[in-house]
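Position one of the sequence shown corresponds to residue 36 (the numbering used here), numbered consecutively onward.
We put the CB at the ideal spot given by N, CA and C, even for glycine.
On a predicted model such as this, the values are computed, not experimentally measured, just so you know.
Notes for the one structure printed next.
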Amino acid sequence: MNILILGGTGSIGTAVTRELVRHGHNVTGLSRSKASDRKLEALGACPLRGDLRAPGPWVREAARTDGLIQLAATFEDDMAEADTSAITAILQQAALRPQPLRMIYTGGCWLYGATGSRVADETSPMRPIKPFAWMQRNARRVLDAPEVSAAVIHPALVYHEDGGAFSRYLAAASEAKPFEIWGSISTRWPLIQREDLARAYRLLLENPSLTGHFNASAQDGVPVAEITREIARRRGHDGGYVVRSLKHVLIKYGDWAEGPTLDQQMGSGKLRDLTGWQPQFVSFRDAQF
């Protein structure tokens with residue numbers, strides 16, 4: 036397949052690009068700089084210069100490609116506007132095609148809000164935290180558009196050898212500082228390792244008959260206490276921590292910081308049953324970080 040990926044040099048996108056190339060797909064990645072050009076080329080992809088905020092120059096590629104993956108985000112105040120602009124332009128170009136465009140859109144576990152004792156599946160109600168409510172709206176637009184064959188993937192919190200979701204804790208361990216726990220030490224996080232998530236993207240992309248929402252998690256919900264305990268063991272940390280309230284982290288870090296305070300469990304039975312996906316890392320303790 037000829038694939039256009041937006042966000043192909045990001046933390047998750049790098050693994051997705053590598054996975055697609057490894058399985059024989061021709062990948063073109065949106066790139067904003069020479070450094071991103073070089074990174075895409077090193078991964079075996081072809082760079083396409085452009086900016087998510089200004090889709091006009093690059094979006095025509097959507098009319099010629101077999102599949103498109105949206106993983107890009109500005110992570111700035113205009114994140115919602117940039118994504119909405121890109122989705123609008125993609126759908127307009129897809130309408131010019133003789134057949135629907137296969138599209139994978141990225142949501143996230145925080146769209147479910149706190150689940151507590153419930154394990155969220157794709158039929159669970161969504162209560163997204165405020166900074167990402169736009170993501171639910173755009174996912175609905177994509178799924179409702181007849182010009183695309185779309186799946187929306189909701190990754191659990193993603194970790195990898197460089198840290199990912201564990202980065203704050205790893206940094207604290209390396210500096211011999213107490214772990215800063217947001218919310219509660221008993222808060223549960225659904226988890227997935229980056230390479231396992233990349234395989235989920237590829238499998239969904241390759242099966243255009245599979246549409247709708249798909250959760251991607253290897254572990255439904257792991258208490259933060261277990262995560263910090265394992266990091267402390269590996270890094271020779273004493274395991275000390277301080278708990279920060281939701282009010283504290285919102286003031287210090289912004290509205291997005293509510294996400295890591297959510298007590299969540301999220302299952303991926305639908306993804307496993309319909310694609311045959313099985314994570315290599317069934318426990319975060321089996322992985323490097």
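Annotation for Q128: V94, R95, A97 and A98 place their beta carbon closer than 7 Å to its own, counting only its chain and skipping 5 residues before and after. Taking all protein chains in view, the Cβ of R223 is crowded by 16 or more other Cβ atoms within 10 Å, so the residue is classified as buried. For the set E116, I188 and S71, the Cα lying nearest the Cα of T246 is the one of I188. If you draw a straight line from the Cα of R73 to the Cα of G64, it is about 11 Å long. With contact defined as three or more Cβ pairs closer than 8 Å, the stretch 305-313 and the stretch 231-247 are in contact.
Only exposed fits Y288, as fewer than 16 other CB atoms lie within 10 angstroms of its CB.
Annotation for S209: the continuous alpha helix (DSSP H) segment containing it runs S202 to S209.
Assignment of N242 by DSSP, reduced to helix, strand and coil, places it in the coil class.
In the displayed model, I188 falls within a strand according to three-state DSSP. Within its own chain, the residues whose Cβ lies closer than 7 Å to the Cβ of A115, once the five positions on either side in sequence are excluded, are W169, listed in chain order. Three or more beta-carbon pairs separated by less than 8 Å are not found between the stretch 235-243 and the stretch 253-262, which leaves the two stretches without contact. In summary, E196 is exposed, with fewer than 16 beta-carbon neighbours lying within 10 Å of its beta-carbon over all protein chains present. Restricting attention to P190, D298, S68 and L75, the CA atom closest to the CA of W217 is found in D298. At least 8 Å separates the beta-carbon of L75 from that of I139. Here D156 is near G304, since their CB atoms are less than 8 Å apart. If you draw a straight line from the Cα of I38 to the Cα of S244, it is about 17 Å long. A Cβ-Cβ separation of about 4 Å places S252 in contact with P225 under the 8 Å criterion. It is roughly 8 Å from the alpha-carbon of V62 to the alpha-carbon of M36. For S209, same chain residues with a beta-carbon under 8 Å away, outside a window of 5 residues either side, are R270 in chain order. Assigned with DSSP and collapsed to three states, A149 falls in coil, not helix or strand. Taking all protein chains shown into account, Q254 has 16 or more neighbouring C-beta atoms within 10 Å of its C-beta and is therefore buried. Distance from I220 to V278 at the Cβ level is roughly 7 Å; contact confirmed, criterion being Cβ atoms closer than 8 Å.
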